[in-house]
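Enquirer: What the sequence shown shows, in our numbering, is residues 192 to 890, in sequence order. The beta carbon of each residue, even a glycine, is placed where N, CA and C say it ideally should be.
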Amino acid sequence: MKPHHVAPSSTLVDGSPGGPVRLSAALPYRYDLDGLRGIAIALVVVYHVWFGRVSGGVDIFLVLSGFFFTGMLVRRVESEAGLSGRSVLRRTGRRLLPALVVVLAATAIVTVLQRPFTQWSVIGDQLVASLFYFQNWQLAHTAADYAAADASVSPLQHLWSMSVQGQFYLVILAVIALVAWSLRRAGRVGMVRPTLILLLTVGAVASFLYAAALVQVNQPWAYYDTGARLWELLVGALLALVVHRVNLPFPVRSALAIAGFAVVLGCGFLIDGGATFPGPAALIPVGAAVALILAGTGIGRQSAVVTLLATRPFVTLGSLAYSLYLWHWPVLIFYMFWRERLSVGVLSGAGVIAVSLALAWLTQRYVEAPFTERRDVTPLLRLRVMTVLLVAAAVAIVAGAVGWNVRLAVDPEQGSRVEPLDPRTYPGAASLVPGVFAPEARMRPTLIEASADLPQPTLDGCITGLMEEDVVTCTYGDPNAVRTIAVVGSSHAEHWMPALDEIGKQRGVRIETYLKAGCPLTTDTEPMLGDVPNPGCHDWSAEILDLLRDDRPDWVFTTSTRPHPEDIGDITPPDYVDVWHRLADYGLPLMAMRDTPWLHDDGVPRSAVDCLADGGDADSCGMPRDEVLSPMNPTLDAAWDLPLVFPLDMTDAVCDVDVCRAIQGNILVYHDSHHLSGTYVRSAVPELDRQMGLATGWW
192 MKPHHVAPSS TLVDGSPGGP VRLSAALPYR YDLDGLRGIA IALVVVYHVW
242 FGRVSGGVDI FLVLSGFFFT GMLVRRVESE AGLSGRSVLR RTGRRLLPAL
292 VVVLAATAIV TVLQRPFTQW SVIGDQLVAS LFYFQNWQLA HTAADYAAAD
342 ASVSPLQHLW SMSVQGQFYL VILAVIALVA WSLRRAGRVG MVRPTLILLL
392 TVGAVASFLY AAALVQVNQP WAYYDTGARL WELLVGALLA LVVHRVNLPF
442 PVRSALAIAG FAVVLGCGFL IDGGATFPGP AALIPVGAAV ALILAGTGIG
492 RQSAVVTLLA TRPFVTLGSL AYSLYLWHWP VLIFYMFWRE RLSVGVLSGA
542 GVIAVSLALA WLTQRYVEAP FTERRDVTPL LRLRVMTVLL VAAAVAIVAG
592 AVGWNVRLAV DPEQGSRVEP LDPRTYPGAA SLVPGVFAPE ARMRPTLIEA
642 SADLPQPTLD GCITGLMEED VVTCTYGDPN AVRTIAVVGS SHAEHWMPAL
692 DEIGKQRGVR IETYLKAGCP LTTDTEPMLG DVPNPGCHDW SAEILDLLRD
742 DRPDWVFTTS TRPHPEDIGD ITPPDYVDVW HRLADYGLPL MAMRDTPWLH
792 DDGVPRSAVD CLADGGDADS CGMPRDEVLS PMNPTLDAAW DLPLVFPLDM
842 TDAVCDVDVC RAIQGNILVY HDSHHLSGTY VRSAVPELDR QMGLATGWW
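(1) Roughly how many whole angstroms lie between the Cα atoms of R282 and F258?
(2) Run through the stretch 724-783 for me and flag every whole alpha helix (DSSP H) of 4 or more residues, listed as ranges in chain order.
(3) Could you check where the alpha helix (DSSP H) with V481 kicks off and where it finishes?
(4) Can you find at least 3 beta carbon pairs, one from the stretch 785-797 and one from the stretch 751-759, that sit closer than 8 Å?
(5) Which residues does DSSP pair with Q855 in a beta bridge?
(6) Just how far apart, CA to CA, sit E660 and P726?
(7) Report the three-state DSSP secondary structure of D250 (helix, strand or coil).
(8) Beta-carbon within less than 7 Å of D737's beta-carbon, same chain only, minus the 5 sequence neighbours each way: which residues are those?
(9) Where does F562 sit, in a helix, a strand or coil, going by DSSP?
(10) Pull up the distance between the alpha-carbon of A335 and that of P670, whole angstroms please.
(11) Grab the span of the beta strand (DSSP E) containing V443 for me, first residue to last.
(12) I need the straight-line Cα distance from D801 to T309, nearest angstrom please.
(13) Tell me, please, whether the stretch 808-822 touches the stretch 871-879 by the rule of three or more beta-carbon pairs shorter than 8 Å.
(14) On the CB-based measure, 16 or more other CB atoms within 10 Å of its CB, does P822 come out buried or exposed?
(15) Per DSSP, R701 is paired with what?
(16) Measuring alpha carbon to alpha carbon, tell me which of P765, D742, E734 and T704 ends up nearest D715.
(17) Which residues does DSSP list as the beta-bridge partners of M378?
(18) Kindly confirm or deny that the stretch 629-640 and the stretch 668-683 touch, where touching means at least three C-beta pairs closer than 8 Å.
(19) Taking the Cβ atom as the reference point for each residue, do G454 and A482 lie within a distance shorter than 9 Å?
(20) To which residues does DSSP link M814 through a beta bridge?
(21) Using only the alpha-carbon positions, how far apart do E878 and D692 sit?
(22) Closest to G273 by CA distance: which of W372, T392 and Y414 is it?
(23) Which runs of the alpha helix (DSSP H), 4 residues or longer, sit entirely within the stretch 372-424?
(24) Closest to H349 by C-alpha separation, out of L387, D758, L291 and G394, would be which residue?
(25) Would you mind stating whether N327 and T417 have Cβ atoms separated by less than 9 Å?
(26) So, do the stretch 245-257 and the stretch 532-549 have three or more beta carbon pairs nearer to each other than 8 Å?
(27) Hey, quick one: how far does the beta strand (DSSP E) through P838 stretch, first residue to last?
(28) So does the stretch 396-403 actually touch the stretch 462-474, counting three or more Cβ pairs closer than 8 Å?
(29) Near M883, which residues of its chain fall below 6 Å by C-beta distance, leaving aside the five closest residues on each side in sequence?
(30) Distance, Cα to Cα, P614 vs D810?
(31) Going straight from the alpha carbon of I484 to that of T392, what length do you get?
(32) With 9 Å set as the bound, which would you pick, yes or no: does the beta-carbon of Y220 sit closer than that to a beta-carbon of chain B?
(33) Is DSSP giving L706 helix, strand or coil here?
(34) Does the stretch 639-656 touch the stretch 602-610, meaning 3 or more C-beta pairs lie closer than 8 Å?
(35) If distances are taken between C-alpha atoms only, which option among I367, V747 and P630 comes closest to P385?
(36) My output table needs one value for M634: the three-state DSSP class, helix, strand or coil.
Dropping the structure here:
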């Protein structure tokens, strides 16, 4: 998150991280842009700590990074010395890597001390991704919700923006070097800026159109996509190419400064950037950054806003922006994990900020500064020792992450499916029947086995992914049977497949799957995935409903409830009932399965595996039944006027009268926070078989 400065020298080399900004040898220092960085980082931290929202500060940083870095490259091209890619990369590395390595090393240490070993692999992968600047793609693939910080979020999630900037630096360096080399050979060195303006304009427009389209289809992915973020950096880059020719009259500059400053302060309150950026809504913080850059370009009198931004408090905060950005998020996340809280209060939040500021100052003073100060300021021996230590830390991070993954890979339990278990030792769901005894035995699947104890469609690639819309169908049970059950909906319909497959084979029923991750069958025109739009779900559902109408299975099986979004218990959403009416119009009977409890701590998802690895037990890692399930199955009221809807309820095969445990009958119930393990579902075959027989009348 670190813009590049230009020092006051005739060679226009990079300055120190906290030093003043000069756009060219003829223009005054831009202390106000240091102050803008200070305001931006303050907003990022405050919004993350107390509001759980995106402030727009990161988007301002992206504009400033494109502005400073591109301006520095072009000035080097136009200087007598020319552009040296090696020199630029070396200076950029010295500026960015030392502080990053320190924060990553600290994160790795705290992770090992604080987090259960079941989380080490994921965080280890993100440590490596952050170190090599591809963390944004790592997060895009997990569709992480960056807007809402909670104790389950990665302590490295914020480094996506550093990765985007690192990738931009490499691309823009290559583009400018290639353009400069080509035009120099053609004897047209004076065309460097016009050529770059044309190329970068095309790139910015293409990136913006791509972002605008992608946020309509898959906003969580777009949030981290470098291609969708590129336009924000390129706006700053284009501004760097033309700003030296801008000389706006004072009234215009004053108006731009006031408007830009007001937007910077209010953007986070007015716009939910986590759910809309980097689409057209991001024009608001980007436009504010452009306005403030232009507001300080004139010679002579400056507006009150520009003068304010150039004052010492803002400039000093701007000098800490990079280190403060690196530290504040892991400090916040580790604190919430330690305190087992969903959010922080006024005092604890102030403490988080104070600790982050102290760490930022120490990092800037003793880690960043030695690598960016003049050689006569920091002794060479000290630099060499620090370099060796930082390289050793980076190697240790990579070696630790890779080594742990290798350790898991060679574990015979990792990735292996649990073999059929003796029901006398592992009764699972049967242990909830009065009089059934579960002897002392090792839990299965084990914590290592759990990640692979999944339903068949996931293992076979027979479920449409979160980012996809193509319909994928597969056949289980008895493929030659005449009677057919269509299993339709999200992964919560899918996790019953181990039992449905076994019942199908035993009873002579073909089980056809129509599944998509994160998408219960819906007629909603604007379906949501949590707080984020999930438009692909609508098109997929429409196609599935048409297929069911044409294929005409004997029965449809899907989920009928989900957790209440704002209260305890569970509900049947209205769009579920709309689907039931549509199926009734087609004459298709429905087995409506009540969803299983979701584990959480005051709204924060609680992984059963992580909880057990952290020393919890079956009860403490489970949930009180009355907190996650309503007294009566909501399906009963929702389907009272639909004779073709037959409610199924497996609650008593998952929970006893008081608690829904993480382990039942020596079998791990959940492989995460809300999906049943395949082994546990197989232990529930007798009860599911009984309920399906009553519904269908087939046995």
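Expert: This is what the structure holds:
(1) Taking the CA atoms as reference points, R282 sits about 17 Å from F258.
(2) 726-742 and 765-776
(3) Its alpha helix (DSSP H) spans residues L474 to A486.
(4) The stretch 785-797 vs the stretch 751-759: in contact.
(5) I858
(6) 10 Å
(7) Correct three-state label for D250: helix.
(8) none
(9) helix
(10) For A335, the predicted model reports a pLDDT of 45, less than 50, meaning its position is unreliable and no value from the coordinates is stated.
(11) Boundaries for V443: no beta strand (DSSP E) harbours it, while the alpha helix (DSSP H) harbouring it runs F441 to L461, taken from the DSSP string.
(12) 6 Å
(13) no
(14) exposed
(15) G668 and T675
(16) Checked all of P765, D742, E734 and T704; the closest Cα to D715 is P765.
(17) According to the sequence displayed, residue 378 carries Gly and not Met. The secondary-structure analysis by DSSP pairs G378 with nothing; it has no beta-bridge partner.
(18) no
(19) The sequence shown places Val at residue 454, rather than the Gly named in the question. Yes, Cβ-Cβ distance for V454 and A482 is below 9 Å.
(20) C851
(21) 14 Å
(22) Among W372, T392 and Y414, the Cα nearest to that of G273 belongs to W372.
(23) 383-415
(24) L291
(25) Contact: yes.
(26) No, the stretch 245-257 does not touch the stretch 532-549.
(27) V836 to L839
(28) yes
(29) none
(30) Taking the CA atoms as reference points, P614 sits about 22 Å from D810.
(31) 18 Å
(32) This model lacks chain B altogether; it includes just one protein chain.
(33) strand
(34) yes
(35) For the residues I367, V747 and P630, the minimum Cα distance to P385 belongs to I367.
(36) coil
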